[in-house]
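Notes follow once the structure below has been shown.
Residue numbers (our numbering): 44 to 144.
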């Protein structure tokens with residue numbers, strides 16, 4: 044099995060940007076401790092209409108992605124952040140073809 048990359052783009056409501064970023068920092072620390080997680084990066088994009096947050100993740104395989112989604116920290120984030128986003132997250136799950144280690 045080949046590693047799996049996940050890229051998510053989140054658009055927080057301006058008044059909830061600090062909460063979303065704080066929770067995602069907690070999520071990053073917890074996710075990096077998962078057995079199947081190879082990478083979890085959080086970046087910020089400033090746009091004319093506000094801020095978008097990008098999460099770039101890399102997992103050992105599909106089972107590791109599912110374990111992440113089933114984790115307590117992921118479920119807790121989803122429950123807290125539901126009303127903090129201006130639009131649904133844009134998530135892409137990709138099979139890696141030729142990616143630098």
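Think of the CB as a built atom: it goes at the ideal place given N, C-alpha and C, for glycine as much as any other residue.
All values reported here derive from a predicted model rather than from experimental measurement.
Nearest residue (CA-CA) to residue 55, options 123, 113 and 135: Looking at the Cα atoms, 123 is the closest of the given residues.
Stretch pair the segment 91–98 + the segment 108–128: three plus CB contacts closer than 8 Å: Contact check between the segment 91–98 and the segment 108–128: fewer than three CB pairs, one atom from each, fall below 8 Å, which does not count as touching.
Contacting residues, own chain, Cβ-Cβ under 8 Å from residue 137 (five flanking each side not counted): Cβ within range, chain order: 47, 48, 49 and 50.
3-residue-minimum beta strand (DSSP E) runs that sit fully inside the segment 108–141, ordered along the chain: Counting only runs of 3 or more, we get 133–138.
Burial state of residue 69 (16 or more Cβ within 10 Å): Taking all protein chains shown into account, residue 69 has fewer than 16 neighbouring C-beta atoms within 10 Å of its C-beta and is therefore exposed.
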